[in-house]
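Residue numbers (the numbering used here): 50 to 230.
Yeah, the Cβ is synthetic: ideal placement off N, Cα and C, and Gly gets one too.
One structure below.
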């Protein structure tokens with residue numbers, strides 16, 4: 050049975066063993082991407098590292114690009130969750146403290162697996178995940194706009210939408226530059 054979200058193909062895992070197999074496949078895939086890069090990313094290599102048959106991979110994922118799409122989706126889910134947690138914690142904090150905490154969170158997320166993060170970002174357009182990337186940025190902008198709205202009397206930002214867009218893009222660029230360079 051195909052999953053409605055399109056994250057997996059063919060079968061939706063119901064048993065713990067099936068779920069564990071999917072996790073092993075995803076961990077092996079992330080390991081390959083992080084340690085060897087996208088050129089080494091093949092279903093045969095994933096199967097070898099995961100200790101499963103290629104057929105097991107194809108039970109759950111139609112292509113290696115679907116595996117990559119799931120990794121990207123999970124990556125953005127984690128980023129969104131951490132950013133939302135931080136923004137909720139600093140919503141009433143002064144700008145200086147909030148800025149430090151947001152940057153600390155962004156750096157912490159990006160330095161966990163910087164090679165994997167870079168590969169995932171490079172592959173986003175190739176596996177049709179640009180819409181997910183934009184959703185991630187819109188989510189960050191929404192949270193940042195809420196912060197700016199809560200502090201609008203102290204700030205000189207007239208257009209909160211533009212302000213949140215500029216801030217989120219600038220922070221993202223700076224963090225990526227620092228982590229990747």
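Quick one, which of the options has its alpha-carbon nearest residue i's?
i, options, result
"residue 193", "125, 218 and 169", "218"
"residue 106", "73, 83, 138 and 189", "73"
"residue 203", "142, 159 and 150", "142"
"residue 196", "169, 150 and 166", "150"
"residue 159", "144, 185, 227 and 122", "227"
"residue 169", "70, 64 and 84", "84"
"residue 81", "145, 117, 205 and 112", "117"
"residue 210", "221, 220 and 198", "198"
"residue 90", "64, 165 and 212", "165"
"residue 23", "171, 146 and 224", "In this structure the chain extends from 50 to 230, so residue 23 is not present and cannot be described."
"residue 201", "119, 167, 79 and 140", "140"
"residue 225", "112, 79 and 161", "161"
"residue 144", "216, 222 and 119", "216"
Please report the residue range of the alpha helix (DSSP H) in which residue i lies.
i, result
"residue 68", "65 to 84"
"residue 87", "Looking at the DSSP string, residue 87 is not in any alpha helix (DSSP H), and its letter there is neither H nor E."
"residue 186", "179 to 199"
Which residues in the same chain as residue i place their Cβ atom closer than 6 Å to its Cβ, once the five residues preceding and following it in sequence are excluded?
i, result
"residue 114", "176"
"residue 174", "none"
Are the Cβ atoms of residue i and residue j separated by less than 7 Å?
i, j, result
"residue 135", "residue 148", "no"
"residue 214", "residue 190", "yes"
"residue 181", "residue 132", "no"
"residue 121", "residue 178", "yes"
Report all residues from its chain with a CB closer than 7 Å to the CB of residue i; omit the five preceding and five following residues, and keep chain order.
i, result
"residue 77", "95, 98 and 99"
"residue 206", "197 and 212"
"residue 101", "70, 73 and 74"
"residue 86", "168"
With a threshold of 8 Å on Cβ separation, who are the neighbours of residue i within its own chain once the five nearest residues in sequence on each side are excluded?
i, result
"residue 129", "185, 188 and 189"
"residue 93", "103"
"residue 123", "75"
"residue 79", "120, 162 and 165"
"residue 127", "158"
Next item on the list: Any chance you could list the beta strand (DSSP E) runs of at least 3 consecutive residues sitting entirely within the region 89 to 171, in chain order?
Entry: none
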